[in-house]
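Taking it in order: structure first as structure tokens, then the write-up.
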Amino acid sequence: MPTKTKAKSLPDGQLDHHAINEFKDVPIRATIEENKKIMEELFKDSSDIVLREFDIENGPKAMLCYVDGMVTTSAVDDALKALMILEGNAFSIDRITEQTLPVTQASKIQFYKELLTNLLSGDSVLFVDEQDTAVCLGLRGGIRRSVSEPETETVVRGPREGFNEHLRTNTSLLRSKIKSPRLKLKSFVIGTETNTNVVLAYMAGIVNPKLLEEAEKRISRIHIDGVLESGYIEEFIQDQGYSPFPQVQTTERPDTVAAGLLEGRIAIMVDGTPFALLAPFGFWQWLQASEDYYERFMATTLLRWLRLGSLFVALLAPAIYIAVSTFHPEMIPTNLLLSIAASREAIPFPAVVEALIMELSFEALREAGVRLPKIVGQAVSILGALVVGQAAVQAGIVSAAMVIVVSMTGIASFTLPRYNAAIAIRMLRFPIMILASIFGLLGIIIGVMVVVGHLAKLTTFGIPYLAPVTPVDMSDMKDVMVRAPWWKMKKRPKYMGTSNVRRQRPEPEQ
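Mapping the sequence shown onto my numbering, position 148 (from 1) lands on 134, and the numbers just tick up by one.
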């Protein structure tokens, strides 16, 4: 295996550089000429890197470096003005950092790794002649998307603000929800080329120390050239990579992340994406929406039962239709059986082929609706569902009963609040349909047993995926298939192993 060489200045003036981490031992040079030469070589053919040389009044030459489009131009102008006019005061690097610059964040740096990391994150860097220390100025700016309502997790009642692509905006939204010094935001930098900022959020005094230690260990083990979205992190930290079931929750909502942290979970936020990760994430979180905790508990409980029933419909409805119509027609009432037989009389395909044609067409229409512009996406979905479905029935390709079953399946899959969980159900629907076409209801039972067995064996950060139902804990059943009123949920879930299990203060004795 070839060994990596640390970045260094070679005799011929060329810089042997590979990644920012390899600049950790490269000191900042004491002359403007050397630093300018290094920067020009590093950012050759990079038109967005600005190197602005100027003279400090009553002082040496200086050079300000920044990435055009990632700084606030007015703040850069103010900083340059303050440096060019020192009002006759004696120059010193400490005075520049502590008094002269009109910048709230200014720090001294001595090595190129820290310099490059800050520069490419949007900070400005000041070099001063005859100084082997540079000054990092927090002048980040540029055009960023404003805080808006989450598009994938809309609610009738609840906060309407969602994360955006700016990490510090996201951490500030979270901090505004939890105004406590217990909220900790631990930083990581992942990606040898992208150097993406990643934040691990948790509540000190609540989170299970073992869970926190495991999360830090899994994040620290990630060695990749780039991280462009939180999905990169998700695949690295999940317990079982080959499982179709999500083991990490994704969300755009600060209130959802805050609620998870207060239950003892950990959150991971990645710069450049509005989707945060929450872990652990078990099966029963599939049925929970953020709105469940803002509406009255009786309505929420009803909705959870509806979602649970819809989950089984989305998974099993086509398979049950195939099994009953092919192997067990005696289970169908006579009038309904005659109606189904009449509608299938001219259909040249068996029921399983009908179902596959309709399901694949529905999935294609759903994908097309997502990829097309919003203006035409909805029109395409309606056109496909109404016109194509009706035309397929009239052409004798599929039966009307199959169109109804597939439509019910599609509607049921949309009731699940978690998009990544709905994808797992959509994938498992097809092998269960194949089993039903071969073995009838026995095939469905086999498929369901395999799925349940896999769920029972699955873990999420070491916690059973089906907890608290398996292993059963009656004290934690207040927020599973039913949602107890808030005044009844006095403790956090025990299966999380939180350091502080009590959510509400005990009532004072009379």
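Glycine residues also receive a C-beta, built at the ideal position from the N, C-alpha and C atoms.
Taking 9 angstroms as the cut-off, the Cβ atoms of I164 and A262 do not count as close. With a contact defined as Cβ atoms closer than 8 angstroms, I430 and L421 qualify at about 7 angstroms. Contiguous alpha helix (DSSP H) elements confined to the region 389 to 448 occur at 405 to 425 and 427 to 443, taking only those with 4 or more residues. 9 angstroms or more divides the Cβ of L294 from the Cβ of L324. Residue range P195 to S206 is occupied by the alpha helix (DSSP H) that includes E200. By the C-beta criterion, the region 179 to 193 is judged to be in contact with the region 201 to 217, since at least 3 inter-stretch pairs fall below 8 angstroms. P240 is not a Cβ neighbour of G355, given a cutoff of 9 angstroms. Within a 10 Å sphere around the beta-carbon of G227 sit fewer than 16 other beta-carbons, which makes this residue exposed.
Taken in chain order, the complete alpha helix (DSSP H) segments of 4 or more residues contained in the region 31 to 101 are 59 to 70. Each of T236, I18, E151 and V310 was checked against the Cα of V133, and the nearest Cα belongs to E151. By the criterion of a C-beta distance shorter than 8 angstroms, V299 is surrounded in its chain by M394, T395 and A398, once the five residues flanking it on both sides are discounted.
Using a Cβ-Cβ distance cut-off of 8 angstroms, the region 186 to 195 and the region 153 to 171 are in contact, since at least three pairs of beta carbons, one from each stretch, lie closer than that value.
Residue environment for D109: buried (at least 16 other C-beta atoms within 10 angstroms of its C-beta). Within the DSSP secondary-structure output, D241 pairs in no beta bridge. For T119, the three-state secondary structure derived from DSSP is coil.
Annotation for A303: the continuous alpha helix (DSSP H) segment containing it runs F283 to T312. Across the set M317, N156 and I409, the C-alpha of I409 shows the shortest separation from the C-alpha of R352.
Judged by DSSP secondary structure, A262 falls within the beta strand (DSSP E) whose first and last residues are A262 to A265. When rounded, the separation of the alpha-carbon atoms in A253 and G191 is 15 angstroms.
Around V391, the same chain offers A303, P304 and Y307 as residues with beta carbons nearer than 7 angstroms, after the five sequence neighbours per side are excluded.
Here the alpha carbons of M255 and R81 stand approximately 36 angstroms from one another.
By a beta-carbon distance limit of 8 angstroms, A470 contacts F283. Their separation comes to about 6 angstroms.
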